[in-house]
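Visitor: Numbering (our numbering), first residue to last: 3 to 302.
1. I'd like to know whether the C-beta atoms of residue 4 and residue 72 end up nearer to each other than 8 Å.
2. Here's the rule I'm using: 16 or more other beta-carbon atoms within 10 Å means buried, otherwise exposed. How should residue 244 be labelled?
3. Beta-carbon separation of residue 1 and residue 235 under 8 Å?
4. Are the beta-carbon atoms belonging to residue 274 and residue 9 less than 8 Å from one another?
5. Give me the Cβ distance between residue 57 and residue 295, rounded to the nearest whole Å; I'm assuming they're in contact under 8 Å.
6. Is DSSP giving residue 289 helix, strand or coil here?
7. Can you look up residue 72 in the DSSP assignment and give me helix, strand or coil?
8. Name the one or two DSSP bridge partners that residue 29 has.
9. Report the partner residues of residue 77 according to the DSSP bridge assignment.
10. Please classify residue 298 as buried or exposed, where buried requires at least 16 neighbouring CB atoms within 10 angstroms.
11. Alpha carbons only, please: which of 157, 128, 166, 119 is nearest the one belonging to residue 135?
12. Looking at the structure shown, is residue 153 part of a helix, part of a strand, or coil, going by DSSP?
13. Any idea what DSSP makes of residue 10, helix, strand or coil?
14. Below 8 Å, can you find three or more Cβ-Cβ pairs linking the stretch 137-144 to the stretch 191-202?
15. Are there three or more Cβ pairs, one per stretch, closer than 8 Å when the stretch 117-134 is compared with the stretch 148-162?
16. Can you tell me which of 21, 32, 39, 220 puts its alpha carbon nearest to the alpha carbon of residue 45?
17. Does the beta-carbon of residue 267 have 16 or more other beta-carbons within 10 angstroms, so that it is buried, or is it exposed?
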(Lines of atoms letter the chains of each structure in order from A and count residues from 1; the text may use other names and numbers.)
(Lines give C-alpha, C1' and ligand atoms only; values in the text may rest on other atoms or scores of the structure.)
Protein backbone atom coordinates (compact mmCIF):
# COMPACT_ATOMS: atom_id res chain seq x y z
CA UNK A 1 0.00 0.00 0.00
CA UNK A 2 0.99 3.63 -0.47
CA UNK A 3 1.10 5.67 2.72
CA UNK A 4 1.41 9.45 2.40
CA UNK A 5 2.66 11.27 5.50
CA UNK A 6 2.45 15.04 5.96
CA UNK A 7 4.43 16.04 9.05
CA UNK A 8 4.27 19.58 10.47
CA UNK A 9 7.42 20.67 12.30
CA UNK A 10 9.20 17.40 11.55
CA UNK A 11 12.79 16.63 12.44
CA UNK A 12 15.05 15.23 9.71
CA UNK A 13 15.28 11.81 11.38
CA UNK A 14 11.94 10.89 9.79
CA UNK A 15 13.98 10.34 6.62
CA UNK A 16 15.43 7.21 8.25
CA UNK A 17 12.09 5.38 8.12
CA UNK A 18 12.87 2.20 6.15
CA UNK A 19 9.78 2.40 3.91
CA UNK A 20 10.26 5.84 2.31
CA UNK A 21 10.08 5.97 -1.50
CA UNK A 22 10.49 9.74 -1.80
CA UNK A 23 10.47 12.86 0.36
CA UNK A 24 9.67 16.55 -0.15
CA UNK A 25 9.60 19.67 1.98
CA UNK A 26 6.08 21.12 2.16
CA UNK A 27 4.23 24.03 3.72
CA UNK A 28 0.70 23.80 5.11
CA UNK A 29 -0.59 27.33 4.81
CA UNK A 30 2.00 30.05 5.30
CA UNK A 31 3.12 29.11 8.80
CA UNK A 32 3.52 25.34 9.07
CA UNK A 33 6.71 24.06 7.48
CA UNK A 34 6.95 20.31 7.28
CA UNK A 35 7.91 17.13 5.49
CA UNK A 36 6.03 14.92 3.03
CA UNK A 37 6.97 11.23 2.88
CA UNK A 38 5.67 8.85 0.24
CA UNK A 39 6.00 5.40 1.78
CA UNK A 40 5.43 1.87 0.49
CA UNK A 41 4.08 -0.30 3.29
CA UNK A 42 3.46 -4.06 2.93
CA UNK A 43 -0.16 -5.18 2.86
CA UNK A 44 -1.13 -6.16 6.37
CA UNK A 45 1.47 -3.89 7.98
CA UNK A 46 -0.36 -0.57 7.71
CA UNK A 47 -1.71 -0.73 11.28
CA UNK A 48 1.79 -1.44 12.57
CA UNK A 49 3.17 1.45 10.55
CA UNK A 50 0.55 3.79 11.99
CA UNK A 51 1.71 2.67 15.43
CA UNK A 52 5.29 3.66 14.50
CA UNK A 53 4.16 7.09 13.32
CA UNK A 54 2.07 7.79 16.42
CA UNK A 55 4.89 6.68 18.72
CA UNK A 56 7.41 8.96 17.01
CA UNK A 57 4.94 11.85 17.07
CA UNK A 58 4.48 11.29 20.81
CA UNK A 59 8.27 11.40 21.13
CA UNK A 60 8.20 14.93 19.70
CA UNK A 61 9.45 14.10 16.20
CA UNK A 62 6.72 16.33 14.75
CA UNK A 63 4.03 18.73 15.92
CA UNK A 64 1.11 17.20 14.02
CA UNK A 65 0.73 14.70 11.18
CA UNK A 66 -1.75 13.67 8.50
CA UNK A 67 -1.61 10.07 7.28
CA UNK A 68 -3.35 8.96 4.08
CA UNK A 69 -3.41 5.35 2.85
CA UNK A 70 -4.04 4.96 -0.89
CA UNK A 71 -3.84 2.51 -3.72
CA UNK A 72 -1.96 3.21 -6.93
CA UNK A 73 -2.23 6.69 -8.40
CA UNK A 74 -2.89 7.77 -11.99
CA UNK A 75 -1.24 10.78 -13.57
CA UNK A 76 -3.06 12.84 -16.21
CA UNK A 77 -0.86 15.01 -18.42
CA UNK A 78 -1.16 17.80 -20.93
CA UNK A 79 1.44 18.36 -23.64
CA UNK A 80 4.41 19.26 -21.47
CA UNK A 81 6.65 20.38 -24.33
CA UNK A 82 4.27 23.26 -25.10
CA UNK A 83 2.55 23.86 -21.76
CA UNK A 84 4.52 27.08 -21.04
CA UNK A 85 3.15 29.98 -23.11
CA UNK A 86 5.34 32.83 -24.39
CA UNK A 87 4.20 35.06 -21.54
CA UNK A 88 5.33 32.46 -19.00
CA UNK A 89 1.81 31.34 -18.11
CA UNK A 90 0.99 27.65 -17.99
CA UNK A 91 -1.55 26.07 -20.28
CA UNK A 92 -3.88 23.50 -18.78
CA UNK A 93 -5.05 20.46 -20.65
CA UNK A 94 -4.37 17.51 -18.35
CA UNK A 95 -6.40 14.63 -19.73
CA UNK A 96 -9.25 13.09 -17.78
CA UNK A 97 -8.38 10.13 -15.57
CA UNK A 98 -9.67 7.03 -17.42
CA UNK A 99 -12.50 5.18 -15.72
CA UNK A 100 -11.45 2.01 -13.96
CA UNK A 101 -7.71 2.65 -13.72
CA UNK A 102 -7.77 3.68 -10.07
CA UNK A 103 -7.79 0.20 -8.69
CA UNK A 104 -5.48 -1.87 -6.54
CA UNK A 105 -2.54 -3.36 -8.43
CA UNK A 106 -2.28 -6.98 -9.46
CA UNK A 107 -1.20 -9.93 -7.34
CA UNK A 108 2.54 -10.01 -6.66
CA UNK A 109 3.14 -12.76 -4.09
CA UNK A 110 3.78 -15.58 -6.60
CA UNK A 111 6.12 -13.37 -8.63
CA UNK A 112 8.10 -12.41 -5.51
CA UNK A 113 8.57 -16.08 -4.69
CA UNK A 114 9.56 -17.17 -8.20
CA UNK A 115 11.88 -14.23 -9.01
CA UNK A 116 12.68 -12.16 -5.89
CA UNK A 117 15.07 -9.93 -7.82
CA UNK A 118 12.06 -7.86 -8.93
CA UNK A 119 12.37 -6.15 -5.53
CA UNK A 120 15.85 -4.61 -5.97
CA UNK A 121 15.06 -4.01 -9.65
CA UNK A 122 12.22 -1.71 -8.57
CA UNK A 123 13.52 -0.16 -5.38
CA UNK A 124 17.13 0.62 -6.25
CA UNK A 125 16.05 3.57 -8.40
CA UNK A 126 12.44 4.67 -7.77
CA UNK A 127 11.49 7.97 -9.45
CA UNK A 128 14.99 8.18 -10.96
CA UNK A 129 16.36 7.78 -14.48
CA UNK A 130 18.78 4.88 -14.21
CA UNK A 131 20.25 2.31 -16.62
CA UNK A 132 19.74 -1.40 -16.01
CA UNK A 133 23.47 -1.85 -15.53
CA UNK A 134 23.46 0.88 -12.85
CA UNK A 135 20.52 -0.78 -11.07
CA UNK A 136 22.50 -4.03 -10.99
CA UNK A 137 25.64 -2.25 -9.78
CA UNK A 138 23.74 -0.68 -6.88
CA UNK A 139 22.04 -3.93 -5.90
CA UNK A 140 25.31 -5.89 -6.06
CA UNK A 141 27.10 -3.25 -4.00
CA UNK A 142 24.32 -3.13 -1.39
CA UNK A 143 23.65 -6.84 -1.03
CA UNK A 144 27.07 -8.36 -1.70
CA UNK A 145 26.94 -12.18 -1.76
CA UNK A 146 23.28 -12.04 -0.64
CA UNK A 147 22.33 -10.82 -4.11
CA UNK A 148 22.35 -14.41 -5.40
CA UNK A 149 19.59 -15.36 -2.95
CA UNK A 150 17.33 -13.01 -4.93
CA UNK A 151 17.80 -15.12 -8.08
CA UNK A 152 16.42 -18.61 -8.78
CA UNK A 153 18.61 -21.52 -7.82
CA UNK A 154 20.84 -22.59 -10.71
CA UNK A 155 20.98 -19.12 -12.31
CA UNK A 156 24.32 -18.43 -14.00
CA UNK A 157 26.20 -15.82 -12.01
CA UNK A 158 27.36 -12.71 -13.87
CA UNK A 159 28.60 -10.35 -11.14
CA UNK A 160 29.90 -7.70 -13.55
CA UNK A 161 27.28 -7.67 -16.29
CA UNK A 162 24.06 -8.27 -14.38
CA UNK A 163 21.72 -6.10 -16.44
CA UNK A 164 20.22 -9.34 -17.81
CA UNK A 165 18.72 -10.02 -14.37
CA UNK A 166 17.24 -6.51 -14.23
CA UNK A 167 15.76 -6.80 -17.72
CA UNK A 168 14.17 -10.14 -16.88
CA UNK A 169 12.66 -8.70 -13.69
CA UNK A 170 11.14 -5.78 -15.59
CA UNK A 171 9.81 -8.11 -18.31
CA UNK A 172 8.09 -10.20 -15.64
CA UNK A 173 6.50 -7.11 -14.09
CA UNK A 174 5.18 -6.00 -17.47
CA UNK A 175 3.83 -9.48 -18.27
CA UNK A 176 2.03 -9.53 -14.91
CA UNK A 177 0.34 -6.20 -15.68
CA UNK A 178 2.05 -4.46 -12.77
CA UNK A 179 3.55 -1.63 -14.83
CA UNK A 180 0.65 0.50 -16.01
CA UNK A 181 2.07 3.99 -16.40
CA UNK A 182 5.32 5.94 -16.42
CA UNK A 183 4.96 8.78 -13.89
CA UNK A 184 6.54 11.99 -15.18
CA UNK A 185 8.36 14.44 -12.90
CA UNK A 186 9.20 17.17 -15.45
CA UNK A 187 11.79 19.34 -13.71
CA UNK A 188 11.85 22.21 -16.28
CA UNK A 189 8.14 22.74 -15.65
CA UNK A 190 8.81 23.53 -12.00
CA UNK A 191 10.74 26.67 -13.00
CA UNK A 192 7.38 28.18 -13.98
CA UNK A 193 5.04 26.28 -11.68
CA UNK A 194 3.96 25.46 -8.17
CA UNK A 195 3.11 21.96 -7.03
CA UNK A 196 0.32 21.41 -4.52
CA UNK A 197 -0.88 18.34 -2.62
CA UNK A 198 -4.64 18.48 -2.03
CA UNK A 199 -6.54 16.06 0.22
CA UNK A 200 -10.18 15.76 -0.86
CA UNK A 201 -13.35 13.85 -0.02
CA UNK A 202 -13.77 11.08 -2.58
CA UNK A 203 -17.29 12.25 -3.43
CA UNK A 204 -15.97 15.39 -5.11
CA UNK A 205 -12.83 14.10 -6.80
CA UNK A 206 -14.19 13.84 -10.36
CA UNK A 207 -15.37 17.44 -10.34
CA UNK A 208 -12.11 18.66 -8.82
CA UNK A 209 -9.92 16.66 -11.20
CA UNK A 210 -11.84 17.99 -14.19
CA UNK A 211 -11.69 21.58 -12.99
CA UNK A 212 -7.98 21.46 -12.13
CA UNK A 213 -7.14 19.68 -15.38
CA UNK A 214 -8.57 22.66 -17.22
CA UNK A 215 -5.94 25.00 -15.76
CA UNK A 216 -3.06 22.61 -14.95
CA UNK A 217 -0.83 20.49 -17.20
CA UNK A 218 -0.26 17.77 -14.55
CA UNK A 219 -2.86 16.19 -12.24
CA UNK A 220 -2.13 13.00 -10.28
CA UNK A 221 -4.90 11.26 -8.34
CA UNK A 222 -4.41 8.61 -5.63
CA UNK A 223 -7.65 7.06 -4.27
CA UNK A 224 -7.60 6.54 -0.52
CA UNK A 225 -8.91 3.58 1.43
CA UNK A 226 -11.03 5.67 3.80
CA UNK A 227 -13.20 7.91 1.63
CA UNK A 228 -10.45 10.45 0.94
CA UNK A 229 -8.41 11.11 -2.21
CA UNK A 230 -4.97 12.70 -2.53
CA UNK A 231 -4.31 14.88 -5.57
CA UNK A 232 -0.84 16.12 -6.61
CA UNK A 233 -1.27 19.04 -8.98
CA UNK A 234 1.19 21.24 -10.89
CA UNK A 235 0.14 24.68 -12.17
CA UNK A 236 0.52 28.43 -11.71
CA UNK A 237 -1.61 30.99 -9.87
CA UNK A 238 -4.66 29.78 -11.81
CA UNK A 239 -4.41 26.59 -9.76
CA UNK A 240 -4.72 28.57 -6.52
CA UNK A 241 -7.72 30.54 -7.80
CA UNK A 242 -9.42 27.34 -8.97
CA UNK A 243 -8.93 25.73 -5.56
CA UNK A 244 -10.44 28.79 -3.89
CA UNK A 245 -13.42 28.72 -6.26
CA UNK A 246 -14.03 25.01 -5.69
CA UNK A 247 -13.78 25.48 -1.93
CA UNK A 248 -16.42 28.24 -2.01
CA UNK A 249 -18.81 26.60 -4.43
CA UNK A 250 -18.70 22.85 -3.95
CA UNK A 251 -15.76 20.85 -2.63
CA UNK A 252 -13.81 22.02 0.40
CA UNK A 253 -10.31 20.47 0.58
CA UNK A 254 -9.49 18.55 3.74
CA UNK A 255 -5.87 19.69 3.54
CA UNK A 256 -3.57 21.64 1.21
CA UNK A 257 0.25 21.49 1.21
CA UNK A 258 2.57 23.50 -1.04
CA UNK A 259 5.73 21.77 -2.28
CA UNK A 260 8.81 23.70 -1.09
CA UNK A 261 11.84 23.04 -3.31
CA UNK A 262 14.54 24.36 -0.98
CA UNK A 263 17.49 22.19 0.07
CA UNK A 264 16.30 19.04 -1.68
CA UNK A 265 19.78 17.51 -1.44
CA UNK A 266 19.14 16.97 2.28
CA UNK A 267 16.32 14.57 1.34
CA UNK A 268 18.56 12.24 -0.66
CA UNK A 269 19.16 9.83 2.23
CA UNK A 270 15.51 8.74 2.23
CA UNK A 271 15.11 5.30 0.65
CA UNK A 272 13.15 2.08 0.97
CA UNK A 273 15.43 -0.39 2.78
CA UNK A 274 14.20 -3.52 1.04
CA UNK A 275 17.28 -5.45 2.19
CA UNK A 276 15.98 -5.36 5.79
CA UNK A 277 12.24 -5.66 5.03
CA UNK A 278 12.09 -8.37 2.35
CA UNK A 279 13.00 -12.05 2.72
CA UNK A 280 13.94 -13.44 -0.72
CA UNK A 281 13.80 -17.04 0.53
CA UNK A 282 10.06 -16.78 1.24
CA UNK A 283 9.06 -13.87 -1.02
CA UNK A 284 7.52 -12.07 1.95
CA UNK A 285 7.77 -8.66 3.64
CA UNK A 286 8.19 -8.01 7.33
CA UNK A 287 7.80 -4.73 9.22
CA UNK A 288 8.28 -4.97 12.98
CA UNK A 289 7.16 -1.78 14.78
CA UNK A 290 9.32 -2.58 17.82
CA UNK A 291 12.46 -3.12 15.73
CA UNK A 292 11.89 -0.01 13.62
CA UNK A 293 11.23 2.15 16.67
CA UNK A 294 14.29 0.79 18.43
CA UNK A 295 16.51 1.56 15.44
CA UNK A 296 15.11 5.04 14.87
CA UNK A 297 15.28 6.03 18.52
CA UNK A 298 18.86 4.80 18.62
CA UNK A 299 19.77 7.11 15.70
CA UNK A 300 18.03 10.20 17.12
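We put the CB at the ideal spot given by N, CA and C, even for glycine. All figures in this text were calculated on a predicted structure; none of them were measured in a lab.
Guide: Here's the rundown:
1. yes
2. buried
3. In the structure displayed, the chain extends from 3 to 302; residue 1 sits before or after that span and is not available.
4. Not closer than 8 Å, so no.
5. 6 Å
6. coil
7. strand
8. 35, 260
9. 222
10. Counting Cβ neighbours within 10 Å, residue 298 comes out buried, since at least 16 surround it.
11. 166
12. coil
13. strand
14. no
15. Yes, they touch.
16. Closest in alpha carbon position to residue 45, among 21, 32, 39, 220, is 21.
17. Looking at its Cβ environment, which holds fewer than 16 other Cβ atoms inside 10 Å, residue 267 is exposed.
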